[in-house]
Amino acid sequence: MAKNLVIVESPAKAKTIGKFLGSNYKVKASVGHVRDLPKSKLGVDIENEFEPQYITIRGKGPTINEIKKEAKKSDRIFLATDPDREGEAISWHLANILKLDEKEACRIEFNEITKDAIKKAIKTPRQIDTDLVDAQQARRVLDRLVGYQISPLLWDKVRKGLSAGRVQSAVTKIICDREKEIDAFEPKEYWTLDITAAKEDGSKIEFKFHGDKENKIEINSEQETNNIIDAINNKELDISQVEKKERKRKAMPSFTTSSLQQEAASRLNFTTKKTMMVAQQLYEGIDVKGEGNVGLVTYIRTDSTRISDEAVDKAKEYIVSEIGEKYFKGFEKSKSKAKKVQDAHEAIRPTYIDKTPDSIKDSLSSDQYKLYKLIWERYTASLMKDSIYDGMSVLADAGGYSFKATGSKLKFDGFLKVYSFAKQEDTILPDVSVGEKLSIVETMPKQHFTQPPPRYSEASLVKTLEELGIGRPSTYAPTISTILARGYVEKQGSALKPSELGVLINEIMEKNFDYIVDVKFTADMESKLDLIEEGKLKWKSIISEFYGPLKVSIEKAEETIEKISMDEETDEICDKCGANMLIKYGRFGRFLACKNYPECKSTKPLLNKTGLACPKCKEGDLVERRSKRGRFFYGCSRYPECDFVSWDKPTGEMCPECGEFLVEKYTKKETKIKCSNKECGYVKTEK
Numbered sequence: 001m002a003k004n005l006v007i008v009e010s011p012a013k014a015k016t017i018g019k020f021l022g023s024n025y026k027v028k029a030s031v032g033h034v035r036d037l038p039k040s041k042l043g044v045d046i047e048n049e050f051e052p053q054y055i056t057i058r059g060k061g062p063t064i065n066e067i068k069k070e071a072k073k074s075d076r077i078f079l080a081t082d083p084d085r086e087g088e089a090i091s092w093h094l095a096n097i098l099k100l101d102e103k104e105a106c107r108i109e110f111n112e113i114t115k116d117a118i119k120k121a122i123k124t125p126r127q128i129d130t131d132l133v134d135a136q137q138a139r140r141v142l143d144r145l146v147g148y149q150i151s152p153l154l155w156d157k158v159r160k161g162l163s164a165g166r167v168q169s170a171v172t173k174i175i176c177d178r179e180k181e182i183d184a185f186e187p188k189e190y191w192t193l194d195i196t197a198a199k200e201d202g203s204k205i206e207f208k209f210h211g212d213k214e215n216k217i218e219i220n221s222e223q224e225t226n227n228i229i230d231a232i233n234n235k236e237l238d239i240s241q242v243e244k245k246e247r248k249r250k251a252m253p254s255f256t257t258s259s260l261q262q263e264a265a266s267r268l269n270f271t272t273k274k275t276m277m278v279a280q281q282l283y284e285g286i287d288v289k290g291e292g293n294v295g296l297v298t299y300i301r302t303d304s305t306r307i308s309d310e311a312v313d314k315a316k317e318y319i320v321s322e323i324g325e326k327y328f329k330g331f332e333k334s335k336s337k338a339k340k341v342q343d344a345h346e347a348i349r350p351t352y353i354d355k356t357p358d359s360i361k362d363s364l365s366s367d368q369y370k371l372y373k374l375i376w377e378r379y380t381a382s383l384m385k386d387s388i389y390d391g392m393s394v395l396a397d398a399g400g401y402s403f404k405a406t407g408s409k410l411k412f413d414g415f416l417k418v419y420s421f422a423k424q425e426d427t428i429l430p431d432v433s434v435g436e437k438l439s440i441v442e443t444m445p446k447q448h449f450t451q452p453p454p455r456y457s458e459a460s461l462v463k464t465l466e467e468l469g470i471g472r473p474s475t476y477a478p479t480i481s482t483i484l485a486r487g488y489v490e491k492q493g494s495a496l497k498p499s500e501l502g503v504l505i506n507e508i509m510e511k512n513f514d515y516i517v518d519v520k521f522t523a524d525m526e527s528k529l530d531l532i533e534e535g536k537l538k539w540k541s542i543i544s545e546f547y548g549p550l551k552v553s554i555e556k557a558e559e560t561i562e563k564i565s566m567d568e569e570t571d572e573i574c575d576k577c578g579a580n581m582l583i584k585y586g587r588f589g590r591f592l593a594c595k596n597y598p599e600c601k602s603t604k605p606l607l608n609k610t611g612l613a614c615p616k617c618k619e620g621d622l623v624e625r626r627s628k629r630g631r632f633f634y635g636c637s638r639y640p641e642c643d644f645v646s647w648d649k650p651t652g653e654m655c656p657e658c659g660e661f662l663v664e665k666y667t668k669k670e671t672k673i674k675c676s677n678k679e680c681g682y683v684k685t686e687k
């Protein structure tokens with residue numbers, strides 16, 4: 001019998017695909033890339049039109065030999081790597097290693113790992129798309145030129161171990177710029193005034209201050225608030241307008257890579273890196289009890305919300321039979337805000353809609369279940385009818401001012417029948433009519449101050465990068481992981497804050513390589529990569545155009561940047577020689593080292609004291625530490641004698657209700673002081 005070899009990237013994917021193909025096919029995994037630029041040198045021949053100098057990745061020899069061995073025994077070879085630039089490049093490298101004819105139709109691609117999709121792909125192979133490969137090569141060479149030529153400059157001028165990247169530098173600047181906005185922000189006072197009014201039957205309605213009888217106005221001071229309260233004192237509320245109308249709420253479209261990362265961060269508290277790792281597992285295949293490996297979701301790197309007609313038809317069958325015919329709406333094309341939508345792939349959706357999250361829960365890990373549930377519900381809801389509410393809006397007047405109350409009642413649940421992540425409680429107002437008078441029973445003035453723009457979370461940063469056109473779906477997670485790993489950005493709760501080191505590196509980049517960190521330049525470069533992919537630009541011409549200014553900037557920076565020492569002398573005394581110790585930066589963050597190095601090589605960990613005593617032993621200092629994954633936590637300086645630890649920062653106060661220590665809890669909008677005892681639930685209120 002003739003033999004066919006199918007090559008994929010991962011063993012999990014190979015296992016899933018293997019069960020769809022008969023004994024006539026052998027499926028092997030390359031385990032990712034097999035060739036790349038060398039780590040030990042630039043690996044780009046600048047004098048020879050920037051030709052990349054690829055080498056076999058260390059440790060991949062046995063894998064390549066095994067693939068070659070199988071290829072010799074096969075009559076036909078199919079390259080089935082992921083359907084994107086990266087996957088196309090892997091196939092191109094494999095074709096080179098196996099010495100395949102570049103005109104041979106050996107490349108197959110599929111958006112989902114199902115039997116039908118695999119069989120269809122095998123029947124319709126194509127040639128390797130060299131435009132896609134060139135776009136990937138251009139990105140790789142651009143990043144190598146920036147990283148391997150600016151990073152040594154930072155090593156020489158600041159310290160070893162630093163790096164500069166084309167996209168990571170632009171993203172770090174975005175986070176630094178937000179911090180500057182926060183520092184420059186001047187809060188402004190404003191007030192809100194809520195009132196409770198009662199009908200004759202005793203039923204109550206809460207109104208919010210709206211304005212005067214002509215316009216909506218804001219209250220800017222306590223005096224203005226008191227003037228309004230004096231004006232309505234001993235007055236009745238006169239109902240001037242009652243508006244009732246039906247309101248519809250649409251389901252969101254199925255996930256793109258960006259929206260999945262944002263929603264998983266907001267709903268599940270997943271990092272972008274974790275989201276993509278778990279999503280990849282769901283795509284490549286999960287061992288479902290009684291069925292073997294099953295690919296549960298479609299390809300996870302996409303910025304399209306399109307759904308195929310076949311998928312919609314299958315979803316209709318499921319929704320009509322399992323949920324109800326009145327709930328099915330069908331696919332509606334949505335307008336994308338993205339500057340350019342890669343529409344080659346569908347949106348992220350379940351491959352089998354009848355495999356509900358709960359039906360396969362026993363086969364999934366906790367994280368896999370959570371993410372699959374999010375994807376399944378979002379997709380199913382996107383094809384269901386709008387939820388319908390009976391809305392009610394009431395305007396009432398007193399003392400020359402107007403107040404507004406709004407309410408709504410769910411009339412038809414629609415997509416909310418399945419989408420558990422978008423529940424909404426009814427706010428039902430009692431019936432009132434124009435001319436009816438209500439008595440004011442309570443006034444509730446409250447002082448506020450405008451807040452600075454919030455620091456970026458991973459979710460809001462991904463949204464911003466998408467809107468600005470920086471990077472592509474596959475680059476968001478690794479870029480954020482890189483700036484966290486380098487120590488340029490730190491996490492404070494879910495917020496991303498530039499570190500002292502990040503601010504310094506950003507200042508150097510802005511002063512000497514302003515075009516590289518410029519958001520518009522980075523977005524324009526992405527557009528050029530897209531044009532290379534479309535065959536409208538030659539990749540080496542883009543590199544040449546970029547390299548000229550880069551070379552000039554590097555030569556100038558070498559002359560103008562002064563050597564910067566980040567070492568900071570402390571009052572800490574070296575136990576060995578008695579000299580003062582310095583704060584130094586290492587691979588895992590800051591530490592203390594003797595000033596007399598290299599004569600004295602004494603080091604010790606740097607304890608960032610909070611100025612508070614340990615809540616547990618009361619003897620040690622409460623210090624800030626960092627976990628291996630870069631997350632900050634708080635512990636006792638007497639560890640291991642005292643094992644106190646907390647992810648949240650203690651305030652030094654104790655809970656008045658249970659006696660446990662209070663901590664700062666960061667949310668998107670504010671910082672709350674809460675009890676560390678989860679069973680207590682005490683929250684400190686502002687006075």
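In terms of full-length UniProt numbering, the sequence shown has 201 at position 201, counting the first letter as 1, and numbering is strictly consecutive. For each residue, glycine too, the CB sits at the ideal point set by N, CA and C. Model, not experiment: these values are computed from the prediction.
Nearest-angstrom Cβ-Cβ length linking residue i and residue j, presumed shorter than 8 Å
i, j, result
"ALA95", "CYS106", "7 Å"
"ALA164", "VAL146", "6 Å"
"GLU70", "LYS15", "With 8 Å as the limit, GLU70 and LYS15 do not qualify as a contact, their Cβ atoms being about 16 Å apart."
"TYR476", "THR464", "Not really, about 10 Å apart at Cβ, beyond 8 Å."
"PHE255", "ILE348", "4 Å"
CA nearest to the CA of residue i, picked from the options
i, options, result
"ILE561", "GLU533, LYS208, MET509", "MET509"
"ALA198", "GLU442, SER460, THR570", "GLU442"
"GLY652", "LYS618, LYS373, GLU641", "LYS618"
"LEU529", "ASN65, ALA138, PHE415", "ALA138"
"GLN136", "TYR352, ARG472, PHE546, GLU657", "ARG472"
"THR482", "LEU5, GLU641, LEU162", "LEU162"
"TYR299", "ALA117, GLU263, LEU606, PRO656", "ALA117"
"SER221", "ASP397, PHE449, LEU79", "PHE449"
"PHE20", "SER30, VAL6, HIS33", "VAL6"
"GLY614", "ASP575, GLU660, ARG631, GLU9", "Reading off the sequence shown, one finds Cys at residue 614, where the question assumed Gly. For CYS614, the nearest C-alpha among the options comes from GLU660."
"residue 696", "LYS73, ASP143, LYS123, ILE90", "The chain is shown only over 1 to 687; residue 696 falls outside these bounds and no answer can be derived."
"TYR666", "SER91, PRO454, GLY400", "PRO454"
"GLU436", "ILE428, ILE217, ASP354, ASP397", "ASP397"
"GLU490", "LEU282, SER553, LEU100, SER627", "SER627"
"LYS180", "ALA265, PRO452, GLU568, ASN596", "PRO452"
"SER74", "PRO478, ASP571, ASN24", "ASN24"
"ILE150", "LYS649, SER553, PRO656", "SER553"
Beta-carbon proximity list for residue i, same chain, < 6 Å, skipping 5 on both sides
i, result
"TRP647", "PHE633"
"LYS250", "ASP386"
"PHE328", "LYS316, ILE319, VAL320"
"ALA338", "Model confidence at ALA338 stands at a pLDDT of 45, short of 50, so the residue's coordinates are unreliable and nothing is read from them."
"ALA12", "GLU284, GLY285"
"LYS563", "LYS157"
Cβ neighbours of residue i in the same chain (closer than 7 Å, five flanking residues each side left out)
i, result
"ASP45", "GLU51, GLN53"
"ALA557", "LEU153, ASN512"
"ASP413", "SER387"
"ASP129", "GLU88"
"LEU606", "ILE583, ARG590, PHE591, LEU592"
Identified DSSP bridge partners for residue i
i, result
"ASP134", "ASP134 is not bridged to any residue."
"ALA398", "TYR401"
"VAL418", "Paired residues: none, contrary to the question."
"LEU662", "CYS675"
Residue burial classification, residue i (beta-carbon count within 10 angstroms, cutoff 16)
i, result
"THR685", "exposed"
"ASP36", "buried"
"GLU466", "buried"
"GLN262", "buried"
"ASN233", "exposed"
"residue 743", "The requested residue 743 is not part of the displayed model; the chain covers only 1 to 687."
"VAL683", "exposed"
"MET581", "buried"
"LYS687", "Its pLDDT being 43, under 50, LYS687 is placed unreliably in this model, and the value from its coordinates should be taken loosely. Result: exposed."
"GLY681", "exposed"
"PHE185", "exposed"
"CYS176", "buried"
Neighbourhood of residue i by C-beta distance below 8 Å, restricted to the same chain and skipping five residues each side
i, result
"LYS520", "none"
"LYS434", "With the sequence shown as reference, residue 434 is identified as Val, and Lys is not the correct amino acid for it. Only ILE239, SER240, GLN241, VAL242 meet the Cβ criterion."
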